Amino acid sequence: MSIKKDIFQALADPTRRAILTLITTHAMTPTAMAEHFNVSRQAVSKHIKVLIECQLVKQEQTGRENYYHLNPIKMKEAADWLEPFRLLWEERFNQLDELLNDSK
Amino acid sequence: MTTLFSKDLATKKINVTREFAAPVEKTWKAWTDRNSLDQWWAPKPWRVETKYMDFKEGGYWLYAMVGPNSGEKHWAKLDYIKILNLKHIIVINSFCDENGKTSPDAPGMDWKIVFSASTAGTKVEVDITFASEKDLKAMLDRGFQEGFTSALSNLDELLK
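If you're matching them up, the sequences are chains U and X in order. All residue numbers for the first sequence refer to numbering that gives the first Met the number 0, where the first residue is 0 and numbers rise by one. All residue numbers for the second sequence refer to numbering that gives the first Met the number 0, where the first residue is 0 and numbers rise by one.
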């Protein structure tokens with residue numbers, strides 16, 4: 000299974016997207032994250048495991064607590080996956096503009 | 000005019016919306032007439048070669064994207080599922096061989112193309128739904144995408 004597909008599956012889950020939003024600005028513990036959602040700490044930990052596997056999230060240990068933060072490089076990769084597709088349609092539509100203008 | 004582009008990862012949908020400065024009849028023709036499609040469907044420097052087209056429900060358009068490098072070809076097919084004249088077209092888009100035969104692992108996607116009159120002329124909305132995540136990924140991994148991206152970077156070079 001490729002990393003790209005893993006990222007896609009990881010992002011398909013709304014709770015995981017919410018977790019990513021939460022840790023955009025600062026690292027958090029699973030306990031602190033769980034307080035933001037109606038889910039258990041165990042459920043949060045499972046989601047984090049998925050996010051770590053596809054490298055969207057990184058772990059850092061401070062004392063006894065595990066903190067997690069967003070990996071912006073991987074997030075950018077995920078955001079860019081549609082870029083070629085977007086360019087294709089834009090180019091197509093610009094050509095269609097020309098055609099529609101020409102045949103007036 | 001601006002192309003609006005949105006994606007919903009959870010439902011495996013992409014929406015592309017664009018307005019054109021032409022009446023609906025004319026825009027519709029550009030999407031449904033093979034000679035018109037040949038002129039705009041392929042992003043330059045690629046071009047389209049239509050092998051067969053029958054624009055009716057149950058009919059299909061079989062074409063190749065022909066690359067700038069020594070006859071590089073990618074075959075694709077649009078199967079016309081539903082047509083409501085001047086309103087919408089529902090198609091299944093797939094990659095195939097030159098005879099229109101799709102391989103079992105070829106990615107599949109449905110498109111709904113909706114036409115409506117707007118202040119600018121015509122609004123066209125394309126709703127693309129992928130059958131599965133696997134299909135989505137396979138589509139993005141296609142060589143065509145890479146070829147297209149490199150073609151664009153060539154253009155960037157040229158414009159420097």
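Idealized CB from N, CA, C, for every residue including glycine. Fair warning: this is a prediction, and the values are worked out from it, not measured in the lab.
So, do the stretch 100 to 118 of chain X and the stretch 83 to 90 of chain X have three or more beta carbon pairs nearer to each other than 8 Å?
Yes, since at least three Cβ pairs between the stretch 100 to 118 of chain X and the stretch 83 to 90 of chain X fall closer than 8 Å, the two stretches touch.
Helix or strand or just coil, what does DSSP make of Lys81 of chain X?
Here Lys81 of chain X sits in strand by DSSP.
Expressed to the nearest angstrom, what Euclidean distance is found between the alpha-carbon atoms of Ala17 of chain U and Leu99 of chain U?
Approximately 44 Å, taken between the alpha carbons.
Keeping to the same chain, check which residues put their C-beta closer than 8 Å to that of Ala119 of chain X; ignore five residues upstream and five downstream.
Counting only Cβ-Cβ distances below 8 Å, and skipping sequence neighbours, we find Met0, Glu18, Phe19, Ala20.
Classify Arg63 of chain U: buried if its beta carbon has 16 or more other beta carbons within 10 angstroms, exposed otherwise.
Exposed: under 16 other Cβ atoms inside 10 Å.
Look at the alpha carbon of Thr49 of chain X and the alpha carbon of Asp37 of chain X, and state the distance between them as a whole number of angstroms.
Whole-angstrom Cα-Cα distance: 7 Å.
Indicate whether Leu50 of chain U and Tyr66 of chain U have their beta-carbon atoms separated by less than 9 Å.
Contact: no.
Taking only beta carbons into account, state which residues of the stretch 124 to 136 of chain X come closer than 8 Å to chain U, listed in chain order.
Answer set for the stretch 124 to 136 of chain X: Val125, Glu132, Lys133, Leu135, Lys136.
Hey, does Phe4 of chain X have any beta-carbon neighbour from chain U nearer than 9 Å?
For Phe4 of chain X, the answer is yes, since a Cβ of chain U falls inside 9 Å of its Cβ.
For Thr31 of chain X and chain U, any beta-carbon pair shorter than 9 Å?
No - not a single Cβ of chain U is within 9 Å of the one on Thr31 of chain X.
Taking Cβ to Cβ, would you say Leu69 of chain U is nearer than 9 Å to Ile22 of chain U?
Contact flag set, yes.
Does DSSP put Ile6 of chain U in a helix, a strand or coil?
In the structure shown, Ile6 of chain U sits in a helix (DSSP, three-state: H, G or I).
Can you give me the Cβ contacts of Asp155 of chain X inside the same chain, cut-off strictly under 6 Å, excluding the 5 residues immediately before and after it?
Summary for Asp155 of chain X: the model assigns pLDDT 43, below 50, so the residue's position carries little reliability, and this model does not support an answer.
Kindly list, in the order they appear in chain U, the residues whose Cβ is closer than 9 Å to that of Ser115 of chain X.
In chain order: nothing, as chain U lies at least about 16 Å away.
What are the start and end residues of each continuous beta strand (DSSP E) run of 3 or more residues lying completely inside the stretch 10 to 94 of chain U, in chain order?
Taking only runs of at least 3 residues, the beta strand (DSSP E) segments lying wholly in the stretch 10 to 94 of chain U are 56 to 61, 64 to 69.
Mind checking whether Ala29 of chain X and Leu95 of chain U have CB atoms under 9 Å apart?
Yes, these two residues count as a Cβ contact at 9 Å.
Go through its chain and collect everything with a Cβ distance to Ser93 of chain X's Cβ below 6 Å, but skip five positions before and after it.
Hits under 6 Å: Lys76, Thr101, Ala105, Gly107.
With H, G and I counted as helix, E and B as strand and the rest as coil, what does DSSP make of Asp109 of chain X?
Correct three-state label for Asp109 of chain X: strand.
If contacts are defined as beta-carbon pairs under 8 Å, then Lys12 of chain X and Thr121 of chain X qualify, I think. What distance do you get, rounded to the angstrom?
About 22 Å separates the two Cβ atoms, so there is no contact after all.
For a contact meaning CB atoms closer than 7 Å, what does Arg85 of chain U contact in chain X?
The contacting residues are Phe4.
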